[in-house]
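Numbering (the UniProt record's numbering), first residue to last: 1 to 299.
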């Protein structure tokens, strides 16, 4: 079961019209891979956004002590950042990104792991625009239209939701990884080592014992999630069977990717499909290569 709920464009519009007691705050979390040379932060200021939206920077609200990108922040960092955005504990947060479902699941998961409830994932922004829903296009100069608040959360589910580098290294070194289902959301070409990583100097390939599950394989053609359990299960099983592997819903499962962003997409998909025990390797491939260096190549 996911920590956040999917919200269709229609359901989002209905929520806005019916909710009278709490604020509904759209949260733009658009983020791009570094090789695209685009800035979600700048586009929030200069381009379109949902009315009343704030911008949540996954590269800014992170573990400041880590050298790896957008690792989960501690509660102190999180509370400070949420306060600076003017968010309140009783706000209903609706997360989106302008790509579709790319960085938004990571943001929604972060908010929920660190205690915000409720959190919705808009499924998704391009579909909302196609429905004719109006968006703001005027330039703004701030990442939030709200005054600073005093946001305080004392909930941290990171230990339950994630595995560390040390956990992964132990699974590989002892061979115990065979008792787990570890799935990598990067493209198949990056997984096999045929295509380069988007971060300069980082080798491609995969962790020994890990299976590929590219995140686009679990999304619909319009980058929306299906909420139907059987349909999602079939998507996953169809791809996994093509790679000569097996998919087991009752096996402890770990999701990963390049830096922990699209890993949340397949984590969400796995949970929709009925897998009950899914954790994220937060440091993912970048941390693994930089710390361990053991790389497998080939399918």
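Just so it is clear, CB atoms sit at the ideal spot from N, CA and C, and this is done for glycine as well.
Item                                                                                                    : Value
Endpoints, the beta strand (DSSP E) within which residue 279 is located                                 : 278-281
Sequence-distant residues of its chain with Cβ nearer than 7 Å to residue 148 (five each side left out) : 83, 84, 86
Contacting residues, own chain, Cβ-Cβ under 7 Å from residue 284 (five flanking each side not counted)  : 256, 257, 258, 259, 260, 263
Residue 61 and residue 81 closer than 8 Å at C-beta                                                     : yes
Endpoints, alpha helix (DSSP H) assigned at residue 28                                                  : Note, residue 28: premise wrong, no alpha helix (DSSP H); beta strand (DSSP E) at 24-28.
Runs of alpha helix (DSSP H) wholly within the region 5-88 (minimum 4 residues, chain order)            : 9-18, 40-46, 75-84
Nearest-angstrom Cα separation, counted from residue 131 out to residue 124                             : 11 Å
Residue(s) in a DSSP beta bridge with residue 99                                                        : Answer is none; residue 99 lacks a bridge partner.
Opening and closing residue of the alpha helix (DSSP H) in which residue 289 lies                       : 284-291
Distance, residue 172 Cα to residue 116 Cα                                                              : 34 Å
Buried or exposed by the 16-neighbour rule on C-beta atoms within 10 Å, applied to residue 221          : exposed
Local Cβ density within 10 Å of residue 195, reported as buried at 16 or more and exposed below that    : exposed
Residue 3 (DSSP reduced to helix, strand or coil)                                                       : coil
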